[in-house]
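To start, the structure under review is shown below, and the notes come after it.
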Amino acid sequence: MSEKSGGVEDSRPPRIAITGPEGFIAWHTRCALRARDGGGDALHLAEGEFDDPDLMDAALAEADAVIHLAGVNRASDDATIAEVNPWLADRLVESLERLDRPIPIVYGNSIHSRGDSVFGVAKRQAADILRDWGRRSGAPVADVVLPNIFGEHGAPFYNSVVATFCHLLANDQQPEIQVDREMPLLHVQRAASVLLDAAAEGFDGEVAPPGTPTTVTGVLERLLPIRDAYRSAILPDLSDPFTRDLFNTYRSYTFPQQWPIYPEVRGDQRGELFETVKAPGGQTQVFFSTTNPGFTRGQHYHLHKVERFLVLRGEAVIRLRKVFSDEVVEFPVSGDRPGVIDMPTMWVHSITNTGDDELITLFYADEVFDPANPDTFPEEV
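Numbering (this note's numbering), first residue to last: 490 to 870.
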């Protein structure tokens with residue numbers, strides 16, 4: 490990105506409005522923004538609020554930039570797709586015109602806009618509406634043309650074939666490929682980073698982040714060994730970011746119902762032995778901590794890092810909460826029956842010593858800690 494206009498100039502974090510905030514890409518973009526801003530959230534503009542001018546104006550009056558992600562990509566009839574996507578762009582422009590606010594707009598477009606499907610035409614029309622407003626008002630409009638997006642917590646049978654495959658594999662079902670095709674894939678957190686950068690810079694023009702070239706068959710061929718290894722408590726080689734992102738996506742469909750995993754404990758007169766981590770490749774950092782009774786460790790989340798907790802001695806409770814959710818998942822754990830729990834990405838997590846004695850915990854991470862890029866964002870469960 491190099492063509493800039495109208496970016497946020499002061500030192501405070503920009504107030505970014507995100508339309509369709511509960512959508513797949515939008516939720517990930519909010520998580521990425523929260524990590525950047527140290528705990529903040531975007532201004533929300535839900536799709537159902539687009540027919541209320543007062544609600545729209547109230548949200549956009551406080552915004553320094555808009556990331557427009559609301560839209561319809563599947564519906565019971567083509568007419569809904571064809572009508573709603575341009576209509577949402579029209580309503581957004583009308584609100585900004587009423588407010589006389591030529592702030593940057595970042596549009597989450599799709600490579601399908603380059604084709605002639607109903608969805609593609611509708612996305613292209615919406616982009617044209619936003620670009621036309623940018624020319625009239627002088628506001629920068631970034632048209633971010635995204636390839637096929639995948640990532641944690643995507644809706645199976647809706648957001649991505651990767652989501653569908655991961656859901657089926659995690660539930661002991663075998664995916665069937667009806668039609669194979671080329672399918673460049675981009676992890677949703679990378680897409681979120683591109684969207685946020687464009688908003689912060691006030692970028693004007695088209696951005697087309699590339700995806701990893703693959704096919705539908707190629708994705709399944711990558712996921713099957715990930716599933717098989719993980720069921721045997723083996724972590725795949727995570728040195729390749731694309732494999733790591735597929736792995737994080739797969740394991741998001743196993744949580745929390747398939748956890749903890751209890752390793753086999755072998756014992757004799759000498760004592761006991763059990764395996765904690767099997768990782769055939771990539772970086773590894775393993776460490777342990779002691780925690781006094783009543784104290785808590787953690788209280789943070791990660792966007793990419795794979796992290797494992799295993800209590801070796803003592804009693805504890807591991808708590809996790811998905812970012813932006815109020816629901817807390819709890820796992821009582823004990824050194825008397827060691828149980829492995831891998832922290833899912835974008836879940837805030839902590840471990841508290843609930844016993845009367847010292848707690849000893851082993852931690853594994855798939856990367857050596859880098860203080861300059863820790864991928865660790867503080868937040869209480």
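Cβ coordinates follow ideal geometry from the N, Cα and C atoms, glycine included.
Model, not experiment: these values are computed from the prediction.
Distance check for residue j and residue i, CA to CA, integer angstroms please.
i      : j      : result
GLY824 : ARG740 : 24 angstroms
LEU712 : ARG580 : 41 angstroms
VAL515 : ARG810 : The question names Val, but residue 515 is Ala in the sequence shown. C-alpha separation (whole angstroms): 18 angstroms.
ASN781 : LEU851 : 15 angstroms
ILE750 : LEU792 : 23 angstroms
ASP729 : VAL800 : 29 angstroms
VAL633 : PRO863 : 28 angstroms
MET545 : GLY560 : 16 angstroms
ILE723 : ALA697 : 36 angstroms
GLY512 : ASP553 : 21 angstroms
THR773 : PHE798 : 14 angstroms
ASN637 : LEU684 : 15 angstroms
SER584 : THR738 : 37 angstroms
SER556 : ALA680 : Here residue 556 turns out to be Ile, not Ser, going by the sequence shown. Spanning the two alpha carbons is a distance of roughly 12 angstroms.
LEU522 : PHE866 : 11 angstroms
LEU762 : ASP831 : 20 angstroms
ILE507 : ILE570 : 20 angstroms
ASP605 : PRO745 : 41 angstroms
SER494 : PHE692 : Its pLDDT being 47, under 50, SER494 is placed unreliably by the model, and nothing is read from it.
SER491 : VAL837 : The predicted position of SER491 is uncertain, since its pLDDT is 45 and thus under 50; no value can be drawn from it.
PRO833 : ARG587 : 43 angstroms
GLN788 : ASP566 : 45 angstroms
ASP661 : ALA854 : 27 angstroms
ALA687 : ARG613 : 19 angstroms
GLU796 : ARG808 : 14 angstroms
LEU709 : LEU674 : 13 angstroms
VAL610 : GLU536 : 20 angstroms
GLY756 : ILE849 : 20 angstroms
GLN758 : SER721 : 27 angstroms
GLY597 : ASP589 : 23 angstroms
TYR719 : LEU727 : 12 angstroms
For residue i, is the classification buried or exposed, using 16 other Cβ atoms within 10 angstroms of its Cβ as the cut-off for buried?
i      : result
ALA644 : exposed
LYS767 : exposed
GLU641 : buried
ASP541 : exposed
GLY509 : buried
TYR790 : buried
PHE858 : exposed
VAL775 : exposed
ASN842 : buried
PRO503 : buried
GLU869 : exposed
VAL651 : buried
PRO575 : buried
VAL822 : buried
GLY880 : As displayed, the chain neither begins before 490 nor continues past 870, which places residue 880 out of reach and without an answer.
ALA568 : exposed
ILE666 : exposed
With a threshold of 9 angstroms between beta-carbons, can residue i be considered close to chain D, or not?
i      : result
ASP845 : The chain inventory of the structure shown lacks chain D, comprising one protein chain alone.
Just tell me which of the options has its CA closest to the CA of residue i.
i      : options                        : result
GLY694 : ARG504, SER814, TRP622         : TRP622
LEU635 : VAL650, VAL677, CYS655, ALA652 : VAL677
PHE608 : GLU586, VAL573, ARG720         : VAL573
GLY840 : ALA616, VAL818, GLN747         : Checking the displayed sequence, the identity of residue 840 turns out to be Ile instead of Gly. Measuring from the Cα of ILE840, the nearest candidate turns out to be VAL818.
PRO827 : VAL812, ALA805, PRO725, GLN746 : ALA805
GLU764 : GLY771, PRO752, GLN758, GLN747 : PRO752
PHE736 : GLY597, SER721, PRO714, ASP757 : PRO714
VAL582 : ALA616, ASP566, ALA611         : ALA616
GLY844 : ASP734, PHE784, ARG624         : PHE784
MET835 : LEU532, ALA611, LEU848, ASP734 : ASP734
GLU551 : GLU536, ALA568, ALA531, ALA564 : ALA531
LEU558 : ALA718, HIS533, PRO769, ALA689 : HIS533
THR518 : LEU619, VAL812, LEU848, PHE820 : VAL812
PRO725 : GLU856, GLY771, PHE820, ALA548 : GLY771
ILE505 : GLU690, GLN758, ALA564         : GLU690
GLU856 : PHE820, SER814, LYS794         : LYS794
Among residues of its own chain, excluding the 5 on either side of residue i, which ones have a beta-carbon nearer than 8 angstroms to its beta-carbon?
i      : result
GLU816 : ARG810
THR653 : PRO645, PHE646, PRO664
ALA548 : ALA506, LEU532, HIS533, LEU534, GLU538
CB-CB under 6 angstroms to residue i, same chain, minus the five flanking residues each way: which ones, in chain order?
i      : result
ARG716 : LEU658
ASP872 : Residue 872 cannot be examined here, being either before or after the span of the chain that is shown, 490 to 870.
SER649 : PHE639, GLY643
TRP748 : ILE830
ASN562 : PHE608
PHE539 : LEU577, ARG580
Looking only at its chain, what residues have a beta carbon closer than 7 angstroms to the beta carbon of residue i, apart from the 5 residues adjacent to it on each side?
i      : result
CYS655 : LEU712, THR738, TYR739, TYR742
PHE731 : THR701
ARG786 : SER778, THR780, SER839, ILE840
*For the 8 angstroms Cβ check, are there 3 or more pairs between the region 657-672 and the region 693-704?*
yes
*asked:* Between the region 600-616 and the region 517-527, can you find at least three pairs of beta-carbon atoms closer than 8 angstroms?
replied: These segments do not touch.
*On the three-pair Cβ rule with 8 angstroms, is the region 611-630 touching the region 579-597?*
yes
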